[in-house]
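J.: Mapping of the sequence shown onto this note's numbering: position 26 corresponds to residue 182, and the numbering continues sequentially without gaps. C-beta: ideal position from N, C-alpha, C; glycine also. Fair warning: this is a prediction, and the values are worked out from it, not measured in the lab.
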Amino acid sequence: MFGIIFDTKLYKKTVMKNVMLVLFTLLISVVSYAQEWMTSLPIAQDLALVQNKMVLMVWQETTKYPYPVSVNDDKGNTIIIKNLFENEYISPLIWKHFVPVIVSEDRYGEMYDKIKGRRPVNYIDKFNDDSIKIMDVNGNILNRSIVYTNFINITELIENYALNTVLVTPELTGYRKEKNFYSAFYLASKYMDLALYSRSKVRSKVIGLGNIYINEAKGFLKDEKEEDLPKLSQRLELLELHQYLIYNKPKKVIRQLKRMEKDSIIDVNRPYINFLYFTAYALLKDRENMNAFKSKVSSVNLNKAQWIINLND
157 MFGIIFDTKL YKKTVMKNVM LVLFTLLISV VSYAQEWMTS LPIAQDLALV
207 QNKMVLMVWQ ETTKYPYPVS VNDDKGNTII IKNLFENEYI SPLIWKHFVP
257 VIVSEDRYGE MYDKIKGRRP VNYIDKFNDD SIKIMDVNGN ILNRSIVYTN
307 FINITELIEN YALNTVLVTP ELTGYRKEKN FYSAFYLASK YMDLALYSRS
357 KVRSKVIGLG NIYINEAKGF LKDEKEEDLP KLSQRLELLE LHQYLIYNKP
407 KKVIRQLKRM EKDSIIDVNR PYINFLYFTA YALLKDRENM NAFKSKVSSV
457 NLNKAQWIIN LND
């Protein structure tokens, strides 16, 4: 019989070469796919929730013409990019920090109906315009300011708005599963906490997200038991006061708390009131009153108070 001469080294080399070729092809396809913007807002929101990111959204019509932006290189130089949607460098940079999505104009009516009469004018204007919108996973806009500059700086956009939302992920998940007073309230409260860790330029905008969910919670009050309404309504009032501590307006907080004292304080809300009093007096450096409340505040809330004090020092 004739034998077949089999070159083992050549065979292994060929197999390895083919394997590497397949892996390289797969890698290229994955990278190419990853750099394409998503076109389904719900899927983009689900992905952002898993990745603890914000959603970067534009209307589809915006992509039909060049969208010039600027970006800072590693030397601090500003580079002009002619078209945001066609640049190979910008796309992976955006994907690293956000989940980008292009939304069809067909969805405009449905999305507008959800915010009509429920958002301020500047929010509606931002929703309507062609600029980049940074949203949380529920579609609420973080960067409400109207952009008047010729080129949005992508580096600054990332620095300011690429929030790591891991702190609020459980509450975002709970709200998406079931929208009710409690899920909205806890999410609003967590956004107030997230504001403490946010850059100063963005802090008020994060608080603005919290206020959206406070208003949502107010709307859900009608679904709660009548006997629970006094304590829940008061809890919302206290959460609204919370933001004024972050804004370093302790006197306003104390005035409002004293007015509430004249009516009636629900016992279950007393720990929250103690925290607000303690933090307000600490901001005023009123040690006597601060110490009167310190023993009534939990260690968790003492840490939170310290964060607020540090922000305003």
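#1: Assuming contact is defined by CB atoms lying nearer than 9 angstroms, are I314 and H253 in contact in what I supplied?
#2: Using the Cα positions of F307 and E242, report the straight-line distance between them to the nearest angstrom.
#3: Just mark D262 as buried or exposed, buried being the case when its beta carbon has 16 or more other beta carbons within 10 Å.
#4: Are the Cβ atoms of V362 and A351 separated by less than 9 angstroms?
#5: Per DSSP, what kind of secondary structure is L212 in: helix, strand or coil?
#6: Can you round the beta-carbon distance between W215 and D286 to whole angstroms, since I take them to be within the 8 angstroms contact cut?
#7: In three-state DSSP terms, what is N404?
#8: Quick one: residues in its chain with C-beta nearer than 8 angstroms to the C-beta of F337, no 5 flanking neighbours on either side, listed in chain order?
#9: Would you kindly report the start and end of the unbroken beta strand (DSSP E) that includes M291?
#10: Cα separation between E327 and K270?
#11: Excluding the five sequence neighbours on either side, which residues of its own chain have a C-beta within less than 8 angstroms of the C-beta of Y347, listed in chain order?
#12: Using the three-state DSSP reduction, which class does K460 fall into: helix, strand or coil?
#13: Contact criterion: CB-CB distance below 9 angstroms. Does S287 meet it with respect to chain B?
#14: Output yes or no for whether 9 angstroms exceeds the beta carbon distance between I236 and I310.
#15: What do you get for R415, buried or exposed, if any count of 16 or more other CB atoms within 10 angstroms of its CB means buried?
#16: How long is the line joining the alpha carbons of L397 and L458, rounded to whole angstroms?
#17: Quick check on the DSSP output: what are the complete alpha helix (DSSP H) runs of length 4 or more inside the segment 211-292, in order along the chain?
T.: Here's the rundown:
#1: yes
#2: 16 angstroms
#3: exposed
#4: yes
#5: strand
#6: 6 angstroms
#7: coil
#8: A373, F376, L377, D379, E380 and L388
#9: K289 to M291
#10: 21 angstroms
#11: V324, V362, I363, L365, G366 and Y369
#12: helix
#13: The chain inventory of the structure shown lacks chain B, comprising one protein chain alone.
#14: no
#15: exposed
#16: 17 angstroms
#17: 246-253, 264-271 and 277-284
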